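Chemist:
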Amino acid sequence: MTAPEPHVNELADYERVIRPKKGLVAVDFDELWRYRELFWFLAWRDILVRYKQAVLGVAWAVLKPFLTMVVFTIVFGKLAGFSEKKGMNFETYAVLTLAGLLPWQFFANAMAESSNSLVGSSNMISKIYFPRLIIPASAVISGAVDFAIGLVILFGVMLWAGVNWQLHLLLLPVFFLVAFAAAFAIGLWLSALNVRYRDVKYIVPFIVQMGLYASPVAFPSSLVREKFGDEVFFLFSLNPMVGVIDGFRWGVLGGAFEPYWPGFWVSIAVIAALLVSGALYFRRAEKTFADVI
Amino acid sequence: MAKPIISVRGISKQYRLGAAKSQDTLRDQLTHWAKNIGKEQPDANDSFWALREVSFDVQPGEVIGVIGRNGAGKSTLLKVLSQITEPTEGEIYLRGRLASLLEVGTGFHQELTGRENIFLNGVILGMTQAEVRAKFDEIVEFAEVGKFLDTPVKRYSSGMYVRLAFAVAAHLEPEILVVDEVLAVGDAAFQNKCLGKMQDVAKNRGRTVLFVSHNMAAVQALCGRIIHMGAGRVLGDGNPDTQIAAYLGEIKKPRTDTAVPLGKIVECRQLEFMPNPIVSGQPLEFTLELGAKQRTQLIDCAILIYSVYGQRVAILDLRKPTGQFTIAPDQPFRCTGRIKNFPLVEGDYRVGLFMHCSEYYSDYHDLASLTVSAATKEGELAPYAAHFRGLVELECEVTF
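Protein chains in written order, with the working numbering: chain H, 47 to 339; chain R, 361 to 760.
1. Anything in chain B within Cβ reach of I478/R, meaning under 7 Å, just list it in chain order.
2. Restricting to Cα atoms, I'd like to know which of S573/R, G590/R and M589/R is closest to L582/R.
3. Measuring straight from C-alpha to C-alpha, what distance separates T48/H and L570/R?
4. Considering only the alpha carbon of each residue, which of N564/R, L727/R, G474/R and D540/R lies closest to M512/R?
5. Compare the C-alpha of D723/R against each of C628/R, R593/R and I699/R and name the closest.
6. Are there three or more Cβ pairs, one per stretch, closer than 8 Å when the segment 468-487 of chain R is compared with the segment 434-447 of chain R?
7. Indicate whether K68/H and E446/R have their beta-carbon atoms separated by less than 8 Å.
8. Looking at the C-beta of G467/R, does it have a partner C-beta in chain H at a distance below 8 Å?
9. Give me the residue from W409/R, L730/R and T759/R with the minimum Cα distance to G590/R.
10. In chain order, what residues of the same chain have a beta carbon less than 8 Å from the beta carbon of A662/R, not counting five sequence neighbours either side?
11. Using a Cβ-Cβ distance under 8 Å, would E449/R count as near chain H?
12. What residue range does the beta strand (DSSP E) around P621/R cover?
13. May I ask you to list, following chain order, the residues of the segment 171-198 of chain H that have a beta carbon less than 9 Å from some beta carbon of chain R?
14. Can you look up W409/R in the DSSP assignment and give me helix, strand or coil?
15. Could you tell me whether the segment 161-176 of chain H touches the segment 138-150 of chain H, using the rule of 3 or more Cβ pairs below 8 Å?
16. Could you tell me which residues DSSP puts in a beta bridge with S733/R?
17. Of the choices D726/R, I499/R, A530/R and G450/R, whose alpha-carbon is the least far from that of L462/R?
18. Measuring only the C-alpha atoms, how far is W296/H from F282/H?
19. Does any residue of chain H bring its CB to less than 8 Å from the CB of K563/R?
20. For S261/H, which residues from the same chain have a beta carbon less than 7 Å from its beta carbon, with the 5 sequence-adjacent residues on both sides left out?
21. Please confirm whether A105/H has its beta-carbon closer than 8 Å to some beta-carbon of chain R.
22. Would G189/H pass as a contact of F152/H if the rule is Cβ separation under 8 Å?
23. Based on the DSSP secondary-structure assignment, which residues constitute the bridge partners of K680/R?
24. Mind listing which residues of the segment 417-428 of chain R have their C-beta closer than 9 Å to chain H's C-betas, in chain order?
25. Apart from the five residues on each side of it in sequence, which residues of its chain come closer than 8 Å, Cβ to Cβ, to G486/R?
26. Applying the 10 Å Cβ sphere with the 16-neighbour rule, what's the burial state of C554/R?
27. Counting only beta-carbon atoms, is S460/R nearer than 8 Å to chain H?
28. Residues of chain R with CB closer than 8 Å to the CB of D337/H, please, in chain order.
29. Hey, could you find the ends of the alpha helix (DSSP H) K110/H is sitting in?
30. Counting only Cβ-Cβ distances shorter than 7 Å, please list the residues of the segment 243-272 of chain H near chain R, keeping chain order.
31. What distance in whole Å lies between the Cβ atoms of A264/H and F118/H, which are believed to be in contact at a cut-off of 8 Å?
32. Look up E449/R in the DSSP assignment and give the residues it is bridged to.
33. Using the beta-carbon of each residue, which ones in chain R are nearer than 8 Å to R65/H?
34. Evaluate F274/H with the Cβ neighbour count: other Cβ atoms within 10 Å of its Cβ, from every protein chain shown; 16 or more gives buried, anything less gives exposed.
35. Taking a contact to mean a Cβ-Cβ separation below 8 Å, would you say M170/H touches T466/R in this structure?
36. List, in chain order, every chain R residue whose beta-carbon is nearer than 8 Å to that of K68/H.
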């Protein structure tokens, strides 16, 4: 495991040993770095195909968050009366909803794509060697374009709502990375399980469906804390998207929307735990991917 | 002698069959764990060794052919060498970059254009983007698809598709190239071009090549050494002529195992010719029986007849005009047939199957063999020797 690109006359220096790996296998970051071009190419392929296939590709990326925002703002803001309860006008509530929807929809898409990515690449896996981690990771990236389009809508809605632009906005990339990590962590687990167990694919739509209500997408998370108290809020924060959405919303609206930090760190800890355990499980399972896929 | 570029030391590969299969849903796995809390894990009962204690060394610049029957372990060996699957025991030392070509067009995407696929496939096969860019014109020229570079490959003819896919692969420049039966695609002219390219890579650039093929003519032309495998072991290793002769001797013997797996689901239980040996020009009958481990549809099936050197001579089309067959564990597919005047010139022929079921399709080689003996001609002139007469005996009447 030495020089990355040896020349013929340096053969003696280069030696790779293939032998059965026992026990836990660490992530080989050197190797991942050597394969970075493949990672970008796979992400590029997914994005290209996604926007090539559907004429509605871009329109859909605009309409989906926008229409969902309209519906949620009417149902939760007006009908359920959350906007009055929080003393907010209708326009601000629309921004609040969209600021929750964007990270949520990115997470839901990226996680679903990532979970199905290995099975969808079975042909490559059984014919070519490369670090398998690249597949679920590049699948997460391909959802980022939809997210970028969503950001443009968000800024439009903020202008319309007359929201003050905060310095906090500069934190959005950080919270995007956290959402990325959350989607990738769950994608690692589910993509590897999906290869081995055929019924895992039914879990993904369930997570997406339940998660929408178990995350503060259409309502501010402070409602949960005010109603049920801190202990319940910690439980609530075990859902990693609670921290992500709260952070994101704070970045957009600032001030009054500062996350409840103890809860936020619970979410971050859950993401970190899922990421590390997911990577270890993935490395253990990948030995047999080509045999069972 | 120089250090070997590849050292394979006692490689074995075990596949588990039954034990894993019974828990292939998460639900079953969870119930299984719940039932077995505190109990010892039972030993894997159903396993087989696809490779058993395989050892050999390869010197830099050697071109090695790997031959053997279906199920001999050739493809598993290539997969272990290319790190696609992990060996169960043993070690391999590689002293150079290895690229494997187990299939042409891996990672090709139907919706992308030829140009986009060249880059994508090149990077998937292990080239850097800069390398692909440097070789781009060469690849396009080799593939002869210049005009269609910006057309999605789904509009390509199958010939163009294969040419493009092989062209990318042919421009890989690793120290070690591992190739599986990819020359079986494309038309004859293109196959020759590919063989030429492989020869160039091996002889002029000093690359090390490991090459699996059923085409003995190609193996003989390309390889300086042959590894002959059977039942997961190395049966012979060395001089091409000796190893090919040994292999051809092996396939003439009827297979001792009763059912030969054709992929994961279907198996060939019987493929027999009566009589065998057959006298050239006489009627020949055949029987084929396929079984299945689970219910599936048999969409296409054909018996393939090859010359000794792997040239396809004829096929027997076994499709039913009225539709597909269902095969299941208790419902085998069975057919018999009769060829009125078997027209092949005397010699040994190799018999395989093309099988297409709902889940996959493939060619399967060397499932049986057929020996044709010379007809006794009532004529004034003795016939020319068999190797002058091609493969097919035509009946004709000549007027002078």
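Even for Gly, the Cβ is constructed at its ideal location relative to N, Cα and C. Quick caveat, the model's predicted, so the values are computed rather than measured.
Modeler: Reading from the atomic positions:
1. Protein chains in the displayed structure are H and R, and chain B is not among them.
2. The residue labelled residue 582/R in the question sits at position 222 within the second sequence. The shortest C-alpha separation from L582/R is found at S573/R.
3. Here the question's residue 48/H lines up with position 2 in the first sequence. Here the question's residue 570/R lines up with position 210 in the second sequence. For T48/H, the pLDDT reaches just 40, beneath the cut-off of 50, and the residue's location in the model is therefore unreliable, although a value from the coordinates is still provided. So the alpha carbons of these two residues sit roughly 24 Å apart.
4. As a position in the second sequence, residue 512/R is number 152, starting the count at 1. Residue identity differs from the one stated: residue 512/R is Pro in this sequence, not Met. With distances taken between Cα atoms, P512/R lies closest to G474/R.
5. Position 363 of the second sequence holds residue 723/R. Here the closest residue by C-alpha is C628/R.
6. no
7. Your numbering for residue 68/H matches position 22 in the first sequence. Your numbering for residue 446/R matches position 86 in the second sequence. Contact flag unset, no.
8. As a working mapping, residue 467/R is identified with position 107 in the second sequence. It does: the Cβ of G467/R has a partner Cβ on chain H nearer than 8 Å.
9. On the second sequence, residue 590/R is found 230 positions in, with the first residue counted as 1. Closest by alpha carbon: W409/R.
10. Reading the second sequence from its first residue, position 302 is the one you call residue 662/R. Only I675, L676, D677, L678, R679, L713 and F714 meet the Cβ criterion.
11. Here residue 449/R corresponds to residue number 89 of the second sequence, with the count starting at 1. Taking Cβ atoms only, chain H reaches closer than 8 Å to E449/R, which makes this a yes.
12. Counting from one through the second sequence, the residue named residue 621/R turns up at place 261. That run of the beta strand (DSSP E) goes V620 to L622.
13. I171, S172, K173, I174, Y175 and F176
14. Taking the first residue of the second sequence as 1, we reach residue 409/R at position 49. W409/R: strand per DSSP, three-state reduction.
15. no
16. Within the second sequence, residue 733/R is the residue found at index 373, counting from 1. S733/R is bridged to V639/R.
17. In the second sequence, counting from the first residue as 1, residue 462/R sits at position 102. If we check each option's Cα against that of L462/R, A530/R comes out closest.
18. Position 250 of the first sequence holds residue 296/H. Position 236 of the first sequence holds residue 282/H. Approximately 18 Å between the Cα atoms of the pair.
19. Counting from 1 along the second sequence, the entry for residue 563/R is found at position 203. Output row for K563/R: interface = no.
20. Translated into positions along the first sequence, residue 261/H becomes position 215. W150, N285, M287, V288 and I291.
21. Your numbering for residue 105/H matches position 59 in the first sequence. No, A105/H lies away from the interface with chain R (no Cβ there is under 8 Å from its Cβ).
22. By one-based count along the first sequence, residue 189/H stands at place 143. By one-based count along the first sequence, residue 152/H stands at place 106. It is a contact, given that the beta carbons lie within the stated cut-off.
23. The sequence position of residue 680/R within the second sequence is 320, counting from 1. Note: K680/R sits in a beta bridge opposite G683/R.
24. P420
25. Start at 1 with the first residue of the second sequence, and residue 486/R comes out as number 126. Cβ within range, chain order: R457, A459, L532 and P534.
26. As a position in the second sequence, residue 554/R is number 194, starting the count at 1. Answer is buried; the Cβ neighbour count reaches 16.
27. Translated into positions along the second sequence, residue 460/R becomes position 100. Closer than 8 Å: yes.
28. Counting from 1 along the first sequence, the entry for residue 337/H is found at position 291. Residues of chain R passing the Cβ test: Y375 and T445.
29. Numbered from 1 along the first sequence, position 64 holds the residue referred to as residue 110/H. That run of the alpha helix (DSSP H) goes G103 to F118.
30. Y243, R244, D245 and V246
31. Working through the first sequence from its first residue, we reach residue 118/H at position 72. Working through the first sequence from its first residue, we reach residue 264/H at position 218. With a Cβ gap of about 4 Å, F118/H and A264/H count as contacting.
32. Numbered from its first residue, the second sequence carries residue 449/R at position 89. Answer is S372/R.
33. Translated into the one-based positions of the first sequence, residue 65/H becomes position 19. In chain order: P447, G450, E451 and I452.
34. Walking along the first sequence from the start, residue 274/H turns up at place 228. Exposed: under 16 other Cβ atoms inside 10 Å.
35. For the purposes of this step, residue 170/H is taken as residue 124 along the first sequence, with counting starting at 1. For the purposes of this step, residue 466/R is taken as residue 106 along the second sequence, with counting starting at 1. Contact flag set, yes.
36. The sequence position of residue 68/H within the first sequence is 22, counting from 1. Near K68/H there are no residues of chain R at all, since even the closest Cβ is about 11 Å away, more than 8 Å.
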